[in-house]
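One structure is given here, and the rest of the page talks about it.
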Amino acid sequence: MTKKEKVLLSGNHALGEAAIRAGCRFYFGYPITPQNDVPEYMAANLPKVGGTFIQAESEIASINMVLGASVTGARAMTSSSSPGISLKQEGISFLAGQELPAVIVNIMRGGPGLGNIDGCQGDYFQAVKGGGHGDYHTIVLAPSSVQELVDLTVLAFELADKYRNPVIILGDGQLGQMREPVILPEPVKNLPDKDWALRGARGRPSRFSRSLILNVRAMEEHNWKLQRKYREIEANEVRFEGYLLDDAEMVVLAFGTAARITKGAIKRVRKEGLKVGLFRPITLWPFPHKAVRELAGQTREFLVFELNAGQMVEDVRLSLEGRGEVFFYGRPGGVIPTPMDVATIIGSRYYQRIKRRAR
Amino acid sequence: MNKVAGRPKYLKPNKFHYCAGCGHSIVHRLLMELTEELNIAERLIVVAPAGCAVLAYDYMDVDVVEAAHGRGPAIATGIKRSLPDSVVLNYQGDGDLAAIGTAESVHAAARGENFTTVFINNGIYGMTGGQMAPTTIEGMRATTAPEGRKPEREGYTLDLSSLLAQIPGVVYAERVTVNSPRTIRRAKKALETAIRCQLEGERGLALIEVLSMCPTNWKKTPLEACAWIDEVMSRKFPLGVLVDRRQKISKAGTGNAD
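Chains Z and S, in that order, are what the protein sequence lines are. Yeah, the first sequence ends on 521 if you go by our numbering, and it's all consecutive. Yeah, the second sequence ends on 261 if you go by our numbering, and it's all consecutive.
Right, dumping it as structure tokens:
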């Protein structure tokens, strides 16, 4: 595959290839639909670059294998889908507490429980509000195309190392399974030096990596240290995309696959003269609170569309702090509505709120 | 004058938090003696468990990572796969290895991971205050088996090491104890044998189970606890080599023949 040449890849395969090119040499996972093509891709391709693939006995074991590889300074990844990600939460909390980098991919499916194997966004709360126990955050990246999945996978490894923090890529079954032409990145050549890694105490004092801190004041100080890091991430790493916002009288907010559907819907309603734009958070944590609040200077009409029963909408409301009217449209359970469906919702809301006022 | 005894070089000068008569401090010392004798301090990484030994890094002056409860074998797998030339010591208690981490223990063995597991079996949950362990002997009282463990009520005592020894991925497994100077010397030999599996290119998991005293939660004096291992515990968990699948070492003279 030469530079700049487009290749046709499924989201799951593109993710695997991007991870390998980002310097990931350790992948540990457990089969679960709709992301089985990730471990399969890694099993076939990691050994070619001297990497290690293990099909673990459980999701719990795989996240802890990630922790083991990560504590030695290696780039490591695991992927799963919703129920499997629930099982990994203990390990994610430990990664956060021990300040170890890791990339965790959730190709979300319908839930709760076993749910189904279709695309869904029901794990937003779990991803952005912590997930496991304790006061921590993971960086959460939400791609809405296969190309963006590739780009964000490389970014995920960079951010994980930069902040010594687990990073979650929050995709869904739709994104994982669909094929699109993508430009793959050049392999990362120089990986960062990790002066905290445990590789044996050769020529230096011994080190340890722990999350147990029995002294409550030391534990509090460790928590404040984590919080200072989170504030730094919030200041530096917010990412979002605006689409046709300049003249928008109504702003639709959506992420991932829902945002992609929304783009199609907005193209339709624009043809009918409705001034509607899209605001798409790319980082779900840190959430683009400030940018959302600034939208309230332009319009008071907001519509949040999610493939769940209403999760990101809470962050939108928190961002707006009452500065706008927020209407929610959600489709939980794995249903993927068409752009036409969403255009109908947008149109009806637009006519109720804006055209009526204009009359 | 020759110095014939002293504090091992890699045992930090910290006071053990372990109770009087506890086996952990003895095993820590043995491991740090071996670290010096086998010259592995610069490539040793210890995985410490949730449980009484969670603070291993307070005593072992080598690289140490803490594991979530029961996840030591998975973490040790990640470390050893990343650093094949390192020596990885996975230290676990009985609740850790044989209850909450059973799957990790069994499958690290099934994959034949090349690290050493030190399994401290004291038949009780020590750190949390004396609850029943998978290894609690039938009839023995625990705070969660207040009338004594009855198989029909609390289930049978689990001898996971003997099950693990059936798995071809286990290259060496031995059960020892540390209740007397003689058994401590045997335990040290067994630990050395297990660590040497990594040094000498043997393929597979080496497991040393140590029957270890917990006088505090057994409600015994340290001496009574030592005697109880001989009288009761080692009958349920017989001492000796459980399996030896080493290929590269002449087996004569390396085991605990005495």
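Built from N, CA and C at the ideal position, the CB exists for glycine as well.
- Contact with chain S is found for Met227/Z, since one of that chain's Cβ atoms lies less than 8 angstroms from the residue's Cβ.
- Minimum Cα-Cα distance from Arg10/S among the listed residues His20/S, Leu37/S, Pro218/S corresponds to Leu37/S.
- Shown here, Lys168/Z sits in a strand according to DSSP, grouped into three states.
- For Leu86/S, the chain Z residues whose Cβ falls inside 8 angstroms of its Cβ are Thr234, Arg361, Gly362, in order along the chain.
- Taking the Cα positions, Glu487/Z is about 12 angstroms away from Leu457/Z.
- Between Ala71/S and Pro218/S, the CB-CB gap reaches or exceeds 8 angstroms.
- Annotation: Cβ neighbours of Thr214/Z in chain S (cutoff 7 angstroms, chain order): Arg84.
- Neighbours of Ile29/S in chain Z, taken as residues at a C-beta separation under 7 angstroms, are lacking, since the least C-beta distance is about 21 angstroms.
- Using a CB distance cut-off of 8 angstroms, Glu252/Z counts as an interface residue toward chain S.
- Secondary structure of Thr180/S (DSSP, three-state): strand.
- At a cut-off of 8 angstroms between beta carbons, Arg237/Z makes no contact with chain S.
- Look at Glu179/Z here: in three-state DSSP terms it is helix.
- Excluding sequence positions up to five before and after Leu436/Z, its CB lies within less than 6 angstroms of the CB of Tyr512, all in the same chain and listed in chain order.
- Within chain Z, the C-beta atoms nearer than 7 angstroms to that of Leu47/S come from Gly362, in chain order.
- Under the 10 Å beta carbon count, His295/Z is surrounded by fewer than 16 other beta carbons and is classified as exposed.
- By the 16-neighbour rule on beta-carbons within 10 angstroms, Trp358/Z is exposed.
- With its beta carbon less than 8 angstroms from one in chain Z, Thr80/S belongs to the interface.
- Sixteen is the threshold: when 16 or more other Cβ atoms of the shown chains lie within 10 Å of the Cβ of Gln283/Z, as they do, the residue is buried.
- Rounded to whole angstroms, Gly277/Z and Glu39/S show a C-alpha spacing of 54 angstroms.
- What Asp66/S touches in chain Z, judged by beta-carbon distance under 8 angstroms, is Leu360, Arg361, Gly362, Ala363, Ser368, Arg369, Phe370, going in chain order.
- The beta carbons of Val200/Z and Gly191/Z sit closer together than 8 angstroms.
- The continuous beta strand (DSSP E) containing Asn268/Z extends over residues 264-270.
- Of all alpha-carbon atoms in Leu332/Z, Arg515/Z, Ser172/Z, Met340/Z, the one lying nearest the alpha-carbon of Arg462/Z is that of Arg515/Z.
- Think of a sphere of 8 angstroms around the beta carbon of Val173/S: no beta carbon from chain Z falls inside it, the nearest being about 16 angstroms out.
- Linking Asp162/S to Tyr128/S through their CA atoms gives a straight-line distance of about 16 angstroms.
- With fewer than 16 other beta carbons inside 10 angstroms of its own, Ala206/Z counts as exposed.
- Within 7 angstroms of the CB of Ala71/S, the CB atoms of chain Z belong to Asn226, Glu252, Gly253, Phe256, in sequence order along the chain.
- In chain order, Phe449 place their CB closer than 6 angstroms to the CB of Asp477/Z, counting only its own chain and leaving out the 5 sequence neighbours on each side.
- In the three-state reduction of the DSSP assignment, Trp447/Z falls in the strand class.
- Residue-level contact by beta carbon holds for Ala223/Z and chain S, with a gap shorter than 8 angstroms.
- Where Ile345/Z is concerned, the enclosing beta strand (DSSP E) starts and stops at 341-345.
- Note on geometry: alpha-carbon atoms of Thr186/S and Ala228/S lie some 14 angstroms from one another.
- Val57/S has a beta carbon lying within less than 8 angstroms of a beta carbon in chain Z.
- Residue-level contact check: Gly230/Z touches chain S, since one or more beta carbons of chain S fall below 8 angstroms from its beta carbon.
- Between Glu157/S and the set Gly172/S, Lys251/S, Leu166/S, Arg144/S, the nearest pair of CA atoms involves Arg144/S.
- The beta carbon of Phe188/Z sits closer than 8 angstroms to some beta carbon of chain S.
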